[in-house]
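Undergrad: Here the working numbering is used: the first residue of the sequence shown is 3, the next is one more, and so on.
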Amino acid sequence: MSRAPSLLRALVFRLTIVVMLALVGTYAMLYFEFRDGLMGLEGQSIAVQVQDLRASIVSETDPPRLALPPSLQEFYAQPDTLNGYQLLRADGTLLESGGFSAHYLPLPVAEDRGQVVMQWETDPVSGNRVLAAALKIDDRQSRYWLRVVRNLEDEESLVAQLMLGALDELFPPIALLLIAAVGVVVVTVLSSLRPLRAVSHQAAALSLSRLDERLHARNLPRELVPLVQAVNSSLDQLEADYRVQREFTANAAHELRTPLATLRARLESRFSAQELCDVTLEIEQLSRLLEQLLCLARLDSQEQLQFAAFDAHAVAMEVARELAPFALETEHYVTAATPDACVPAHGNATLTRLVFRNLIENAIQYTPPGTSIMLSADSAIVIIADDGPGIAAPAAASLFERFRRGPSASGPGAGLGLAIARCIMERQGGRLSHDTTAPRGARFVVEFSK
Numbered sequence: 003m004s005r006a007p008s009l010l011r012a013l014v015f016r017l018t019i020v021v022m023l024a025l026v027g028t029y030a031m032l033y034f035e036f037r038d039g040l041m042g043l044e045g046q047s048i049a050v051q052v053q054d055l056r057a058s059i060v061s062e063t064d065p066p067r068l069a070l071p072p073s074l075q076e077f078y079a080q081p082d083t084l085n086g087y088q089l090l091r092a093d094g095t096l097l098e099s100g101g102f103s104a105h106y107l108p109l110p111v112a113e114d115r116g117q118v119v120m121q122w123e124t125d126p127v128s129g130n131r132v133l134a135a136a137l138k139i140d141d142r143q144s145r146y147w148l149r150v151v152r153n154l155e156d157e158e159s160l161v162a163q164l165m166l167g168a169l170d171e172l173f174p175p176i177a178l179l180l181i182a183a184v185g186v187v188v189v190t191v192l193s194s195l196r197p198l199r200a201v202s203h204q205a206a207a208l209s210l211s212r213l214d215e216r217l218h219a220r221n222l223p224r225e226l227v228p229l230v231q232a233v234n235s236s237l238d239q240l241e242a243d244y245r246v247q248r249e250f251t252a253n254a255a256h257e258l259r260t261p262l263a264t265l266r267a268r269l270e271s272r273f274s275a276q277e278l279c280d281v282t283l284e285i286e287q288l289s290r291l292l293e294q295l296l297c298l299a300r301l302d303s304q305e306q307l308q309f310a311a312f313d314a315h316a317v318a319m320e321v322a323r324e325l326a327p328f329a330l331e332t333e334h335y336v337t338a339a340t341p342d343a344c345v346p347a348h349g350n351a352t353l354t355r356l357v358f359r360n361l362i363e364n365a366i367q368y369t370p371p372g373t374s375i376m377l378s379a380d381s382a383i384v385i386i387a388d389d390g391p392g393i394a395a396p397a398a399a400s401l402f403e404r405f406r407r408g409p410s411a412s413g414p415g416a417g418l419g420l421a422i423a424r425c426i427m428e429r430q431g432g433r434l435s436h437d438t439t440a441p442r443g444a445r446f447v448v449e450f451s452k
């Protein structure tokens, strides 16, 4: 069977992916914004260079020439410079140049006089991407182009280096931001699922003894409210059906008690005890079954039991003394290993007598003659054990189910005694269990709440 997917894990995973994508997208946006901003600054820089060069034109000569001041001469004469200038005729003939060389770039198509025209071109000779700023100059005799160029290939490398440097510096805060974002995601998901976990705990606590409880829809997401309402509606129907069944069992058992008593009285008045031996035994078994059904109906009806403090070991000893004559008739021996023990308990002493009576009667009925049945106590438990053949594993698995009897059962009984005993202990907050680790015989542990 495949494992069910985890909603918590799915939500955390998906929200973490969203956060990471948002951070990566933000970083990419900042990168391109930075890159475009840097390009804009580069364009402004070379546009200023064009205006500086224009002021250096000597137009009295033919053709005109550039008389660069020392600062510009030094700027364009630097080794491996990224910048260059060109003075060209209107037909593209190169008159003068310096710095980075890109002579074969096309001239601008637009001819806005007095305006610097920006071009992003590829140098056909070197293949480098080039940013050019060109200004058209009208002389008295002819027209010229003054152009400043910049190599963008190295500039790209510069941008990459700047971004890598920024990434190294920003990595710790970005990592902390990611951890914080994932932490916020986990806390948000856990807090959002807390009402769902609360409803799950309520559902897990439901049982036949708590059918009157319902799931709460407080603080639940609106999408889950219809599911809770549907479950509560099913619980209402289940409780109603169970109440009808329980009332039918109780009424049927109660109504049959009187006719059985009347039938037994009439038979005893007409026939002798020897003649009624088998019939009387059957009537007694039927009466016992009715009493057990009535007891189960009372336990299942959730009526409040009268609880008080009592000594559970003393109650077990009283039951053992009452059943001692019956045990001796079948050659069984009931003994007490801890006659002076005291087991304080809080519950219903009358129903607890029924628990011990069922356990001791079963030990007498299902063990061969000569078997010893021993009572012992330890702290908050009473133990009833025998040295008989024990209970086989297949039968032990369904030992406390209603109307279940062992494969070797031959005497009277309907298979309700152990089911009633466990139900009584659970109603008192205690526990009845079969100790499967006993080396010999059957060993039942009755545990009480103080």
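Cβ atoms here follow ideal geometry from the backbone N, Cα and C, with glycine treated the same way.
1) Over what stretch of residues does the alpha helix (DSSP H) that includes P72 continue unbroken?
2) Hey, quick one: how far does the beta strand (DSSP E) through L137 stretch, first residue to last?
3) Can you say whether Q88 is buried or exposed, counting buried as having 16 or more other CB atoms within 10 angstroms of its CB?
4) Taking the alpha carbon of A398 as the point to measure from, which residue in C344, Q75, N130, H436 has its own alpha carbon closest?
5) Would L192 count as contacting chain C if we go by Cβ distances under 8 Å?
6) Using the three-state DSSP reduction, which class does R56 fall into: helix, strand or coil?
7) Hey, T340 and A311: beta-carbon distance below 8 Å or not?
8) Would you mind giving the Cβ-Cβ distance between A314 and F450, rounded to the nearest angstrom? I have them listed as a contact below 8 Å.
9) Whole angstroms is fine: what's the gap from A382's alpha carbon to E324's?
10) Classify T337 as helix, strand or coil using the three-state DSSP reduction.
11) Does the structure place the segment 365-373 close enough to the segment 341-349 that three or more beta carbon pairs sit under 8 Å?
12) Could you tell me the boundaries of the beta strand (DSSP E) in which P346 lies?
13) For N360, which of helix, strand or coil comes out of DSSP?
14) With DSSP as the reference, label G42 as helix, strand or coil.
15) Which of helix, strand or coil does DSSP assign to A387?
16) In whole angstroms, what is the alpha-carbon distance linking R123 and S99?
17) Along the chain, where does the beta strand (DSSP E) containing G101 start, and where does it finish?
18) For A69, which residues from the same chain have a beta carbon less than 7 Å from its beta carbon, with the 5 sequence-adjacent residues on both sides left out?
TA: With the structure as the only source:
1) Residue 72 sits at position 70 when you count from the first residue of the sequence shown. Per DSSP, P72 belongs to the alpha helix (DSSP H) from 72-78.
2) Position 135 of the sequence shown, counted from the start, is the residue given in the question as residue 137. That run of the beta strand (DSSP E) goes 131-140.
3) Within the sequence shown, numbered from 1, the residue matching residue 88 stands at position 86. Buried.
4) Along the sequence shown, read from residue 1 onward, the residue named residue 398 stands at position 396. For the residues C344, Q75, N130, H436, the minimum Cα distance to A398 belongs to H436.
5) The structure shown contains no chain C; it holds only a single protein chain.
6) In the sequence shown, residue 56 corresponds to position 54, counting from 1. Three-state DSSP puts R56 in a helix.
7) Residue mapping note: residue 340 aligns to position 338 of the sequence shown, counting from 1. Residue mapping note: residue 311 aligns to position 309 of the sequence shown, counting from 1. Result no, Cβ atoms of T340 and A311 do not sit closer than 8 Å.
8) Taking the first residue of the sequence shown as position 1, residue 314 is located at position 312. Taking the first residue of the sequence shown as position 1, residue 450 is located at position 448. The Cβ separation is near 5 Å, so the contact holds.
9) Taking the sequence shown and counting its residues from 1, the one referred to as residue 382 is at position 380. Taking the sequence shown and counting its residues from 1, the one referred to as residue 324 is at position 322. The alpha-carbon atoms of A382 and E324 are separated by roughly 23 Å.
10) The residue given as residue 337 occupies position 335 in the sequence shown. Strand.
11) no
12) Position 344 of the sequence shown, counted from the start, is the residue given in the question as residue 346. 346-349 is the span of the beta strand (DSSP E), which, as asked, contains P346.
13) Here the question's residue 360 lines up with position 358 in the sequence shown. Correct three-state label for N360: helix.
14) Along the sequence shown, one-based indexing puts residue 42 at 40. It is helical.
15) The count along the sequence shown starts at 1 and reaches residue 387 at position 385. A387 falls in the strand class under three-state DSSP.
16) Taking the first residue of the sequence shown as position 1, residue 123 is located at position 121. Taking the first residue of the sequence shown as position 1, residue 99 is located at position 97. Going by the sequence as given, residue 123 is Glu instead of Arg. Approximately 18 Å between the Cα atoms of the pair.
17) Stepping through the sequence shown from its first residue, residue 101 is reached at position 99. Here the beta strand (DSSP E) through G101 covers 96-101.
18) Here residue 69 refers to the residue found at position 67 of the sequence shown. Same-chain partners within the cutoff: S58, V60.
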